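Asker: This structure is in C-alpha cells; I'll ask about it shortly.
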Amino acid sequence: MLPVNSAPTSFPGTTQGPLANVTSDVSASSLVASTSGSSVGVGSIDPGLSLPGTTATVATPAPFADLLEEAVGQVQKLEDQANSSIEGLISGKGVDVHEAMIASQEASMGFELVLSLRNKALAAYQQVMGMQF
Amino acid sequence: MKIVTPLSEELARFLDLNTRQIQLTTANMANIDTPGYRALGMDFEGEMQRAMNAIDSEQSLPEPEVVNEDGLIVRPDGNNVSMDREGLNLAEAQLRFKVGVTLLKGQYSDIMNAIHADAK
Amino acid sequence: MNLFGMINQSGSAMQAERMRAEVVAANMANAETTRTAAGTPYRRQHVVFAEGSGDTSFASRMGASLPGFASPVLQGSSDSDLAPGVHIAAVVQDTAPPLKRYDPGHPDADAEGYVSYPDINPLTEMVDLMGATRAYGLNASAVQAEKSMITSALEIAK
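Residue numbers (numbering that gives the first Met the number 0), protein chains in the order written: chain G, 0 to 132; chain R, 0 to 119; chain B, 0 to 157.
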C-alpha cells in the first residue's frame with residue numbers, strides 16, 4: 000500500500016459512473032501513477048480507468064442515447080407548438096387553419112421519426128442480446 | 000434534428016401570403032360601396048422573394064407589407080375598388096392556395112416515406 | 000384575423016348590400032306615394048356605407064383604437080389596416096324638393112292645385128339595385144372562396 004498524501008474519492012475527470020464502486024486502493028494507485036508519470040508498476044490498476052491527459056469520461060460513452068434524448072426533447076417542443084397553435088385556432092385568437100395543420104403535421108412526423116429510431120435501437124439491442132457466445 | 004426542409008418552410012410561407020392576399024381581396028370586396036375607400040393590396044412576388052431569401056439565410060420572416068393599390072380608376076364617390084379585378088385576384092389566390100397545399104402534402108409524404116423506409 | 004374572421008367581414012358586406020336593396024325596393028314601391036303616415040309625400044331614401052362593424056360596444060371600440068388588442072369576440076381584428084367589415088351608417092332621406100304636378104282634383108292637392116310626388120327615377124333605382132345585387136353576389140363568392148380555402152387547408156394533415 001503506497002503512501003498517499005490525499006485521499007482521493009474520485010479520479011479527476013471521472014463521473015459517478017462505474018467507478019463509483021471502486022475501492023480506495025485502486026483509486027490511490029492510479030493517482031500515484033498519474034502524478035509520478037511512471038508506467039503501470041503497481042499492478043492493480045483497473046484497466047477501465049482513462050489515461051491522464053484524456054478528457055473522456057469514464058462512464059460508458061453513449062452518443063446514441065444522447066441523440067435519442069435530444070430528439071425526444073425536440074418532439075416535445077413540436078408537440079407544444081402544435082397544441083398552442085390549435086388552441087389559438089379554436090379560441091378565435093387569429094391562428095390560421097393551415098398554420099395549425101402544418102404545426103400538427105410536423106409534430107406527428109417528428110413523433111414518427113423518434114418512434115422509428117426507438118424501434119431500431121430496440122431491435123439492435125435485442126439482436127445483440129440474442130447473440131450466442 | 001430538424002423535421003422541416005427549406006422547401007416546406009417556403010411552401011408554408013406561400014400559404015401564409017396567399018391567405019393574406021385573400022384577406023385583402025375580401026376586405027376590398029366588402030368595401031366596394033364605401034365612399035372614399037381605397038383598394039389595398041400587396042406585392043405578392045416581392046414578398047415571396049423576400050421570404051425565400053430570409054429562409055435561405057436562416058433569418059426570421061418579415062411581415063408582409065400592405066400598400067394602397069395604384070393605377071385604379073377612382074369613381075365619383077371616392078371609391079376605387081374594381082369588382083372584376085378583385086374577383087380575379089380572389090380566384091387566383093384561392094387556386095394558388097390549393098396548389099401550395101398539394102405541394103406541401105407531397106413534401107410531407109416524401110419525409111414520411113423516408114422515415115418508414117424499411118418498414119416491411 | 001384568420002379565415003373565420005374574413006367570413007364575418009364578407010357576411011357584414013352581404014348584410015349591408017341587402018339593406019341597400021331593401022331601401023331601393025321601398026323607394027320603388029313608394030314612387031307614387033303622396034301621403035305618408037306623417038302626411039307629407041314620400042321622400043327618397045338612400046343608405047350610407049361606412050367601414051367598421053358598427054358595433055358600439057366597448058370591446059370593439061378598444062379593438063379599433065389599439066392595434067394589437069385582441070378582443071374576445073371573433074369580429075375584433077388586430078390588424079389596424081384591414082377594415083373589419085362594412086356597415087350601413089345611416090339611412091338618409093333625400094333633401095331634394097318633391098316633384099309638383101298639376102292635378103286640382105286630387106285629394107292631396109294643395110291650394111294652387113299642385114300635388115307633390117316623390118322625386119324617384121325608376122332607372123336610377125334599377126341601376127342601384129343592380130349594383131347591390133352584383134356586390135352581394137361578389138361577397139357571396141368571397142365566402143365560397145374562403146370556405147374552399149379552409150377545406151383545402153384541412154387536407155394538409157390528410
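Backbone N, C-alpha and C fix where the C-beta goes; we use that ideal spot for every residue, glycine too.
None of the values given here were measured: they were computed from a predicted structure.
Assign B/G84 to one of three DSSP states: helix, strand, or coil.
Answerer: coil
Asker: Taking the straight line between their C-alpha atoms, what separation do you get for B/K157 and B/S140?
Answerer: 26 Å
Asker: Where does R/N67 fall in DSSP's three states?
Answerer: strand
Asker: When the Cα atoms are used, what is the spatial distance from R/D76 to G/A102?
Answerer: Their backbone Cα atoms lie some 45 Å apart in a straight line.
Asker: Is there at least one Cβ from chain R nearer than 7 Å to B/E124's Cβ?
Answerer: Chain R, which has no Cβ nearer than 7 Å to the Cβ of B/E124, makes this no.
Asker: Of all the CB atoms in chain B, is at least one closer than 7 Å to the CB of R/I31?
Answerer: yes
Asker: Taking only three categories from DSSP, how would you classify R/L60?
Answerer: DSSP, reduced to helix, strand and coil, places R/L60 outside both helices and strands of the structure shown, so it counts as coil.
Asker: Give me whichever residues DSSP pairs with B/L98 in a beta bridge.
Answerer: B/Y116
Asker: Going by Cα to Cα distance, which pick from R/Q106, R/D69, R/P61, R/D117 is closest to R/L6?
Answerer: R/Q106
Asker: According to DSSP, which residues form a beta bridge with B/E50?
Answerer: B/V85
Asker: Any beta carbon from chain B within less than 7 Å of R/Q93's own beta carbon?
Answerer: yes
Asker: Establish whether the CB of R/F96 and some CB of chain B are separated by less than 7 Å.
Answerer: Interface with chain B (7 Å Cβ-Cβ cutoff): R/F96 is included.
Asker: Output, in chain order, the set of chain R residues within a Cβ distance shorter than 9 Å of G/D95.
Answerer: L14, D15, T18
Asker: B/V91 by DSSP, collapsed to three states: which one?
Answerer: strand
Asker: By the three-class DSSP mapping on this structure, what secondary structure does R/G86 have?
Answerer: helix
Asker: Please list the terminal residues of the continuous alpha helix (DSSP H) segment that includes B/S140.
Answerer: 121–153
Asker: Taking DSSP as the reference, what is the three-state secondary structure of G/Q125?
Answerer: G/Q125 falls in the helix class under three-state DSSP.
Asker: With a threshold of 7 Å between beta carbons, is B/N1 in contact with chain G?
Answerer: Chain G, which has a Cβ nearer than 7 Å to the Cβ of B/N1, makes this yes.
Asker: Please check the pair B/A15 and B/V85, which I expect to be a contact at CB under 8 Å, by giving their CB distance rounded to whole angstroms.
Answerer: 5 Å
Asker: From G/S115 to R/L87, what does the alpha carbon distance come to, in whole angstroms?
Answerer: 46 Å
Asker: Listed in chain order, which residues of the region 102–130 of chain G have Cβ atoms closer than 7 Å to some Cβ of chain R?
Answerer: Listed by position, the residues of the region 102–130 of chain G near chain R (Cβ gap below 7 Å) are Q104, E105, M108, G109, E111, L112, S115.
Asker: Can you pull the chain G residues whose beta carbon is under 8 Å from the beta carbon of R/M111, in chain order?
Answerer: M108, E111
Asker: What does a CB cutoff of less than 8 Å around R/S59 pick up in its chain, not counting 5 residues either side in sequence?
Answerer: A53
Asker: Does the region 126–134 of chain B come within contact of the region 73–80 of chain G, defined as at least 3 CB pairs closer than 8 Å?
Answerer: As far as the Cβ criterion goes, the region 126–134 of chain B does not touch the region 73–80 of chain G, which means the pair count is below three.
Asker: For B/Y101, collect the residues of the same chain with a Cβ closer than 7 Å to its Cβ; drop the 5 residues on either side in sequence, then sort them by chain order.
Answerer: G112, Y113
Asker: Can you confirm whether R/V100, when its beta carbon is compared against all beta carbons of chain B, has any partner nearer than 7 Å?
Answerer: At least one chain B Cβ lies under 7 Å of R/V100.
Asker: Between which two residues does the alpha helix (DSSP H) containing R/M41 stretch?
Answerer: That residue, R/M41, is in no alpha helix (DSSP H); it is neither H nor E in DSSP.
Asker: Please name the residue or residues paired with B/Q44 in a DSSP beta bridge.
Answerer: B/Q92
Asker: Can you tell me whether B/P121 is buried or exposed, with buried defined as 16 or more other CB within 10 angstroms of its CB?
Answerer: exposed
Asker: Would you check if the distance between the CB atom of R/L10 and the CB atom of R/L103 is smaller than 7 Å?
Answerer: yes
Asker: In three-state DSSP terms, what is R/A29?
Answerer: helix
Asker: Among the residues of its own chain, which have a CB less than 7 Å from the CB of G/L88, if the five just before and after it don't count?
Answerer: V94, V96, A99
Asker: Using the beta-carbon of each residue, which ones in chain R are nearer than 8 Å to G/L77?
Answerer: Chain R residues near G/L77: I2.
Asker: Where G/A81 and R/P34 are concerned, what is the direct C-alpha to C-alpha distance, given to the nearest angstrom?
Answerer: 43 Å
Asker: So with Cβ pairs under 7 Å, would you call R/L71 a contact of chain B?
Answerer: no
Asker: Could you compute how far the alpha carbon of G/A120 sits from the alpha carbon of G/Q131?
Answerer: 19 Å
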